[in-house]
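According to the working numbering, the stretch in the sequence shown is residues 336 to 524, in order. By construction, the Cβ of each residue, glycine as well, lies at the ideal position given by its N, Cα and C atoms. Just so it is clear, the structure is predicted and the values come from calculations on it, not from any experiment. Worksheet: the structure to be examined is printed underneath.
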Amino acid sequence: MTASTKIAVFASGSGSNFQAIQEAIDRGELHAKVELVVTDKPGAFVVTRAENFGIPVLALNPKEFVSKAAYETAIIEALHKYNVKWIVLAGYMRLISDVLLAAYPQRIVNIHPSLLPAFPGKDAIGQAMNHGVKLTGVTVHFVDEGMDTGPIIAQVAVPVIEGNREATEAEIHKQEHLLYTKALQQLLQ
Ligand code: GAR
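Take a look at the structure:
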């Protein structure tokens, strides 16, 4: 990554990973520039976080498009307008289709709250706790057409705190914020 590789962060929810990335950029630890935040949930808290940083938001409801291809094509137009080079998924709860994958080959990364390939999909932390595993974690990986599949870039293990989802989740989020910014800096420099 050069001094200011232009990235877009995609998120569907709270956006704590987006915030951690932006704060790492502000501290000079991650040499990137978030040009655009993209969300499929116009009411998501990530929109407020982006506005607080003065970062433009593209909020599109996929249901308002005739197809997924049309939805992603609208996103690509905006990404090109902002000259975005990499896409960083941070709690974006939607599969990426070949339209976006073809526009950004090997340039889309994701973070997931488990040691993939264990517990892909929604509520990975709940899945891990229900399964009774003692160790779960966080994975950063390249995105392909699958659900939380694609080559693994970085992982960190996090112990499950038995019977305490809140504490387990808090530790996972803390590790996500550290791992994602570190992995992005290594990947994009
Ligand atoms: C994060 O835990 C992220 O790993 C997860 O969504 C959460 C978003 O939190 N992503 C997935 O489960 C992807 N399958 P955030 O909105 O606070 O960054």
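So the beta strand (DSSP E) residue i belongs to, where does it begin and stop?
| i | result |
| --- | --- |
| Asn499 | No beta strand (DSSP E) contains Asn499, which DSSP labels as neither H nor E. |
| Lys368 | 367-374 |
| Asn495 | According to the sequence provided, residue 495 is Val. The question's Asn does not apply to it. Counting along the chain, Val495 falls outside any beta strand (DSSP E), and DSSP gives it neither H nor E. |
| Val423 | 421-424 |
What is the DSSP secondary structure of residue i, counted as helix, strand or coil?
| i | result |
| --- | --- |
| Ala359 | helix |
| Asn445 | strand |
| Val401 | coil |
| Ala346 | coil |
| Leu414 | helix |
Starting from residue i and walking both ways along the alpha helix (DSSP H), at which residues does that stretch end?
| i | result |
| --- | --- |
| Thr484 | From DSSP, Thr484 is part of no alpha helix (DSSP H); its letter is neither H nor E. |
| Gly456 | Run containing Gly456: none; DSSP gives neither H nor E here. |
| Leu436 | 433-438 |
| Asp385 | Per the sequence shown, residue 385 should be read as Ala rather than Asp. Start and end: 380-388. |
Do residue j and residue i have their beta-carbon atoms positioned less than 8 Å apart in this structure?
| i | j | result |
| --- | --- | --- |
| Leu436 | Asp483 | no |
| Ile446 | Ile422 | no |
| Ala379 | Ala346 | yes |
| Val493 | Val473 | yes |
Taking only the alpha-carbon atoms, compute the straight-line gap between residue i and residue j and give it to the nearest angstrom.
| i | j | result |
| --- | --- | --- |
| Tyr515 | Ser449 | 13 Å |
| Thr383 | Val369 | 15 Å |
| Phe353 | His508 | 12 Å |
| Ile431 | Ala425 | 13 Å |
| Ile342 | Leu371 | 7 Å |
| Ala409 | Ile390 | 19 Å |
Return yes when at least one heavy atom of the ligand NAD lies under 7 Å from the C-beta of residue i, else no.
| i | result |
| --- | --- |
| His447 | Absent from the structure shown: the ligand NAD. Ligands present: the ligand GAR. |
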